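In UniProt numbering, the protein residues as written are 1 to 143.
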């Protein structure tokens, strides 16, 4: 196995873990809405998830671990994707917020301020901000 194959393999595993986390948020309320399904379909191509992997992850989203990125900006990007899924059907259930909080912790956000981070992320999504605005606002929320 070459070095580039190893890198590609790790990249794919991280994307599968991220995608499975988003699937878990999507099904947290017990069903998958049409908006959530459309979002997953779009995200599938962005994360280079094959059709077989897509079906496998939908069947068993717990199979893949969450692999948190090292860079804070990448963590915010993943939090943005997860937050968007919570709001995809415009119904915020308490279970979805609870799961989003768990994933934020898994992404490496600290327990001391994770609730504040999740609340801020959700408030930004209510405003329908884009990714760049989301990252900027999250990085400057204490200023």
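Built from N, CA and C at the ideal position, the CB exists for glycine as well. Fair warning: this is a prediction, and the values are worked out from it, not measured in the lab.
(1) Residue ranges of each alpha helix (DSSP H) run of no fewer than 4 residues wholly in the segment 27–65, ordered along the chain?
(2) Grab me the residues of residue 7's own chain with a C-beta within less than 7 Å of its C-beta, minus the 5 sequence neighbours each way, in chain order.
(3) Return the chain-ordered list of same chain residues with a C-beta closer than 6 Å to the C-beta of residue 67, the five sequence neighbours on each side being excluded.
(4) As a quick exercise: from 82, 139 and 23, pick the residue whose alpha carbon is nearest that of residue 101.
(5) Could you check the C-alpha separation between residue 126 and residue 117 for me, to the nearest Å?
(6) Please report the Cβ distance between residue 39 and residue 84, rounded to the nearest whole angstrom; I am assuming they are in contact, meaning their Cβ atoms lie under 8 Å.
Here's the rundown:
(1) Segments of the alpha helix (DSSP H) lying fully in the segment 27–65: 34–46 and 51–59.
(2) In this prediction, residue 7 has a pLDDT of 47, which is less than 50 and means its spatial position is unreliable; what the coordinates show is noted afterwards. Cβ neighbours of residue 7 beyond the five flanking positions: none.
(3) Here the set comprises 14 and 17.
(4) For residue 101, the nearest C-alpha among the options comes from 82.
(5) Note on geometry: alpha-carbon atoms of residue 126 and residue 117 lie some 14 Å from one another.
(6) The Cβ separation is near 7 Å, so the contact holds.
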